[in-house]
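Below: one structure, written as structure tokens.
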Amino acid sequence: MKKIFIALFGILLIAQPVTATPKHGLSLYGPQDLKYNPGQPYDHANPNAPKGGNLVLADFGAFTKLNPASLKGVTAPGVAQLVFQNAMDSSADDKEPFSQYGNLVEKAEVADDHLSLTYYLYKEAKFSDGHPLTADDFVFSFNLIKAPQYHPIFKEYFKDIKSIEKIDAHTVRYNFAIHNQELPLITGQMFIFPKHIYGAEGKSFGVDFDDMAVGSGPYTIEKYEYGKYITYKRNPNWWGKDIAVNKGRYNFDRVTFKIYLDPVAQREAFKGGEFDMQLVNSSRDWALDYKGDFVKKGYYLREEFPHTRIAGMQGFAMNTRNEIFKSRKVRAAIAMAFDFEWSNKNLFYGQYTRNDCYFDNNPELKSQGIPTGEVKTLLESLRKKYKKHVPKTTLTKPVGAPGQGLPIERNLKVANSLLDSAGWKIGSDGIRSKGNHRMEFELLLAGPGFQRIAEPYKNNLKKIGVNMTIKVIQVAEYEERLRNFKFGMIVAGFAQSRSPGNEQRYMWGSESADTPGTRNYMGIKNPALDELVDKIVSAKNRKDLVVNVQALDRILTHQYYVVPHWYIAYDRAVYWNKFGKPKINASQAAVSNNLLEWWWWDSEKAEKRQKARAAGTPVK
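If you're matching positions, the sequence shown starts at 2 in the numbering used here and goes up one per residue.
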């Protein structure tokens with residue numbers, strides 16, 4: 002899902018007018034700012050990388066379908082990225098805030114008024130079954146979004162694309178409902194399905210294609226078993242292997258994802274050599290584990306990969322559809338009970354920085370200090386219109402969690418006062434209540450990893466009369482409950498890009514609060530945020546975008562919808578010593594994704610490691 006979902010969690014916007022001349026790519030600031038020339042490979046590629054070898058990766062939780070765009074079920078790992086192609090390829094280069102280069106498209110042309118986009122398709126493009134890919138498949142794929150079984154995230158994301166028309170067999174034109182600078186690039190991230198297969202008469206997109214996947218991408222599905230594994234085989238006849246964006250890319254003959262349902266079992270399986278890379282998300286594991294004899298002898302490598310990605314927000318997200326979370330005072334009190342400083346010292350080995358806001362790790366978009374200038378003026382205007390929805394603290398305090406940096410004893414005292422003033426009284430059992438409602442809820446988890454973090458938080462909540470239970474369930478059930486917002490609190494992440502846009506609608510928009518499958522987990526219905534999202538989407542230049550993003554960030558932060566967690570500005574990974582990799586790591590993507598797309602099997606390294614391990618000696 003990379004090309005759509007990385008973009009889904011934040012994409013471009015803005016810019017200068019795009020000249021109505023066909024180009025090999027599109028850029029945030031117009032084609033004149035494209036870094037790469039026609040035919041030029043990416044800097045983070047090795048065009049001479051050898052092909053061969055088998056890559057084995059791990060995925061946590063069972064998958065239930067192969068269809069990457071349908072609503073129900075859990076999609077198999079890798080299927081969207083390896084089997085399907087998008088029209089355009091999104092550059093992961095650090096020097097490009099957002100650029101796209103032709104993937105299925107040889108050239109793209111944006112109209113001067115920005116109300117239409119024309120694609121000139123590669124005439125050589127084919128699906129894996131040999132069937133030619135034409136304009137009919139683009140038209141079909143766009144119209145398919147209207148199907149009730151299509152995931153609503155995509156419906157919202159592409160909502161401003163009004164229509165599509167076939168010009169000829171290899172030319173299509175998209176027409177836009179509004180002037181929106183990001184729409185031409187958003188369009189390039191749509192799944193392109195083969196009409197001759199997914200358009201079969203009498204077939205339902207959301208049911209009949211769970212067990213198959215046919216696309217124009219570099220791999221085909223060789224074999225799979227739900228809940229256990231899926232193996233992709235590189236298509237040696239892939240039509241797109243020689244175009245610029247794919248030089249040095251997709252180098253493994255086979256890619257297998259093994260499924261694990263227990264993180265401990267997954268960690269031990271890596272050490273046993275069952276798969277090739279483990280992205281280490283646990284600070285405890287990174288601090289205490291992966292330091293044994295195999296690391297010392299160089300059988301597998303332990304490495305930190307710095308990145309420049311916006312941290313976004315991770316936290317305990319409160320579902321305001323539940324009565325107890327409707328009050329901002331209550332949400333603030335519940336947030337104050339989380340002792341990040343204690344957790345970072347005792348659980349995380351001091352590795353993390355706390356989330357201040359929704360755009361951390363980016364000095365341009367992150368709000369700093371008390372608002373001034375245009376941001377202040379905008380917030381004052383919004384507060385006059387929507388006083389209930391724009392807290393006064395957005396103008397008087399910086400971003401950050403309530404009570405951040407202060408002693409937990411002081412924060413618990415303030416939290417108790419807040420709950421008292423909100424009318425929640427402590428009962429004989431120590432739990433607060435108000436009318437027919439008790440101050441209790443369930444924290445829903447998809448795995449046991451967060452239990453050690455949630456337990457101290459649970460104990461602190463009990464001190465202010467709040468009863469939180471912790472429930473761990475299987476991934477499939479978890480996804481279903483998320484889809485239908487059937488939870489009290491979850492651990493949620495809201496990734497962002499350097500150019501926020503349409504994706505903000507399905508995270509905070511009022512309409513998305515009532516749409517199953519969106520990422521508005523908190524059930525936010527805030528007209529001030531709706532107005533800001535519209536301004537972000539329609540911003541004509543970078544300055545306007547930043548002003549509106551910072552105002553949105555301040556309102557989100559000061560409404561306390563989420564108990565902020567933490568972030569880290571590097572990826573932590575261990576991997577077996579048998580791969581070659583480019584000199585440049587594309588840090589806008591996770592290193593595990595770079596392994597999949599840009600690394601290669603190094604037969605000499607693999608042989609040395611195998612001999613050394615058999616002899617029990619260090620790799621030389």
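Glycine residues also receive a C-beta, built at the ideal position from the N, C-alpha and C atoms. Keep in mind that this is a model prediction, so the values were computed, not measured.
Next item on the list: Counting only the same chain and skipping the five closest in sequence on each side, list residues whose C-beta sits under 7 Å from that of VAL215.
Entry: Once the five neighbours on either side are set aside, the close Cβ partners of VAL215 are PHE128, SER129, ASP130, PRO195, ILE198.
Checklist line | ASP95 versus LYS234, PHE326, ASN363, residue with shortest Cα-Cα distance | finding: Here the closest residue by C-alpha is ASN363.
Next item on the list: Excluding the 5 residues preceding and the 5 following ILE193 in the sequence, name in chain order all residues of the same chain whose CB lies nearer than 8 Å to its CB.
Entry: PHE85, GLN86, ASN87, ALA88, LEU105, LEU134, ASP138, PHE139, SER142, GLY216, SER217.
Check: Around the Cβ of ALA615, are there at least 16 other Cβ atoms within 10 angstroms (buried) or fewer (exposed)?
Finding: That one is exposed.
Notebook entry, point to check: For VAL331, does the three-state DSSP call read helix, strand or coil?
Noted result: In this structure, VAL331 counts as helix in the three-state DSSP scheme.
Note to self: Tell me which residue opens and which closes the alpha helix (DSSP H) that THR470 is part of.
What the structure shows: Where THR470 is concerned, there is no enclosing alpha helix (DSSP H), although the beta strand (DSSP E) around it starts and stops at 468 to 473.
Next item on the list: Please classify ASP211: does DSSP put it in a helix, a strand, or coil?
Entry: DSSP places ASP211 in coil when its eight states are reduced to three.
Notebook entry, point to check: Which parts of the segment 279 to 335 are runs of the alpha helix (DSSP H), unbroken and 4 residues or longer, counting only runs that do not cross its ends?
Noted result: Runs of the alpha helix (DSSP H) lying entirely within the segment 279 to 335, each at least 4 residues long, are 284 to 289, 294 to 297 in chain order.
Item checked: Bridge partner(s) assigned by DSSP for GLU1 -> Lying outside 2 to 621, the shown extent of the chain, residue 1 is not represented and no answer is given.
Note to self: I'd like the list of long-range same chain contacts for HIS45, defined as Cβ closer than 8 Å, with 5 residues on each side in sequence excluded.
What the structure shows: Short of 8 Å from the beta carbon of HIS45, and not among the five residues preceding or following it, lie these beta carbons of its own chain, in chain order: ALA93, ASP94, PRO583, ILE585, ASN586, ALA587, ASN595, TRP599.
Next item on the list: Answer with buried or exposed for VAL453, where buried requires no fewer than 16 other C-beta atoms within 10 angstroms of its C-beta.
Entry: Per the sequence shown, residue 453 should be read as Arg rather than Val. Around the Cβ of ARG453, a 10 Å sphere holds fewer than 16 other Cβ atoms; the residue is exposed.
Check: So what does DSSP say about GLY200, is it helix, strand or coil?
Finding: GLY200 carries a coil assignment under DSSP once its states are collapsed to helix, strand and coil.
Notebook entry, point to check: Thinking just about the alpha-carbon of each residue, which of TYR458, GLU478, SER328 is nearest to the one in ILE471?
Noted result: Checking every option, the nearest Cα to that of ILE471 belongs to TYR458.
Note to self: According to DSSP, is PHE451 part of a helix, a strand, or is it coil?
What the structure shows: In this structure, PHE451 counts as helix in the three-state DSSP scheme.
Next item on the list: Quick one: using the 10 Å Cβ neighbour count with 16 as the cut-off for buried, is HIS438 buried or exposed?
Entry: Exposed, because fewer than 16 other Cβ atoms sit within 10 Å of the Cβ of HIS438.
Check: Does DSSP put ASP90 in a helix, a strand or coil?
Finding: Note: ASP90 maps to strand in three-state DSSP.
Notebook entry, point to check: Got a sec? Which residues, its chain only, sit under 7 Å from GLU160 by beta carbon, not counting five neighbours each side?
Noted result: Before going further, note that residue 160 is Lys rather than Glu in the sequence given. Counting only Cβ-Cβ distances below 7 Å, and skipping sequence neighbours, we find nothing.
Item checked: LYS536: first and last residue of the uninterrupted alpha helix (DSSP H) it sits in -> 528 to 539 is the span of the alpha helix (DSSP H), which, as asked, contains LYS536.
Next item on the list: Would you please state the rounded distance, in angstroms, between the beta carbons of LEU27 and GLN101? I believe it to be under 8 Å.
Entry: Between GLN101 and LEU27 the Cβ distance is about 5 Å, and since that is below 8 Å, they are a contact.
Check: Under the three-state reduction of DSSP, which class applies to ASP550: helix, strand or coil?
Finding: Here residue 550 turns out to be Val, not Asp, going by the sequence shown. DSSP places VAL550 in helix when its eight states are reduced to three.
Note to self: Am I right that ARG506 and GLU157 are in contact with their C-beta atoms under 8 Å? What's the rounded C-beta distance?
What the structure shows: So it is a contact: roughly 5 Å between Cβ atoms.
Notebook entry, point to check: From LYS167, MET191, LYS163, ALA109, pick the residue whose C-alpha is nearest to that of ALA178; which is it?
Noted result: Of the residues LYS167, MET191, LYS163, ALA109, the one whose Cα lies closest to the Cα of ALA178 is LYS163.
Check: Along the chain, where does the beta strand (DSSP E) that runs through PRO565 open and close?
Finding: Start and end: 563 to 565.
Margin query: For a test of the three-state rule: what should DSSP assign to GLU223, helix, strand or coil?
Written below: Strand, per DSSP.
Check: From the DSSP output, which residues share a beta bridge with GLU110?
Finding: According to DSSP, GLU110 bridges with THR119.
Check: If you count every other CB in all the chains shown that lies within 10 Å of the CB of HIS180, and 16 or more means buried, which is it?
Finding: Residue burial is scored here from C-beta neighbours: HIS180 has fewer than 16 other C-beta atoms within 10 angstroms and is therefore classed as exposed.
Note to self: Taking the straight line between their C-alpha atoms, what separation do you get for TYR225 and ASN55?
What the structure shows: Going by C-alpha positions, TYR225 is about 16 Å away from ASN55.
Checklist line | Cβ neighbour criterion (16 or more within 10 Å) applied to LEU289 | finding: LEU289 is exposed by the Cβ-count criterion.
Check: Which stretch, first to last residue, makes up the beta strand (DSSP E) that contains ALA574?
Finding: For ALA574, the enclosing beta strand (DSSP E) has its first and last residue at 571 to 577.
Item checked: Sequence-distant residues of its chain with Cβ nearer than 6 Å to ILE7 (five each side left out) -> Confidence is the limiting factor: at ILE7 the pLDDT is only 36, short of 50, which leaves the residue's position unreliable, though a coordinate-based value still follows. Cβ within range, chain order: n/a, list empty.
Next item on the list: Measure the CB-CB distance between LEU443 and GLY494 and report whether it falls below 7 Å.
Entry: In the sequence on display, residue 443 carries Glu and not Leu. No, the Cβ-Cβ distance between GLU443 and GLY494 is not below 7 Å.
Next item on the list: Kindly list the residues whose CB is nearer than 6 Å to the CB of PHE271, restricted to its own chain and excluding five residues on each side of it in sequence; keep chain order.
Entry: Result list for PHE271: GLN279, in chain order.
Check: How far does the alpha helix (DSSP H) with ALA81 in it reach, from first residue to last?
Finding: Counting along the chain, the alpha helix (DSSP H) containing ALA81 begins and ends at 80 to 83.
Margin query: If I measure Cβ to Cβ from ALA613 and keep anything under 8 Å in the same chain, skipping five residues before and after, which residues do I get?
Written below: Excluding the 5 residues flanking it on each side, ALA613 has same chain C-beta neighbours closer than 8 Å at LYS298, GLY299, TYR300, PRO619, VAL620, LYS621, in chain order.
Checklist line | Residue environment, GLY404, which counts as buried when at least 16 other CB atoms sit within 10 Å | finding: Under this definition GLY404 is a buried residue.
Next item on the list: Could you spell out where the beta strand (DSSP E) holding PHE495 opens and where it closes?
Entry: Segment 490 to 495, the beta strand (DSSP E) holding PHE495.
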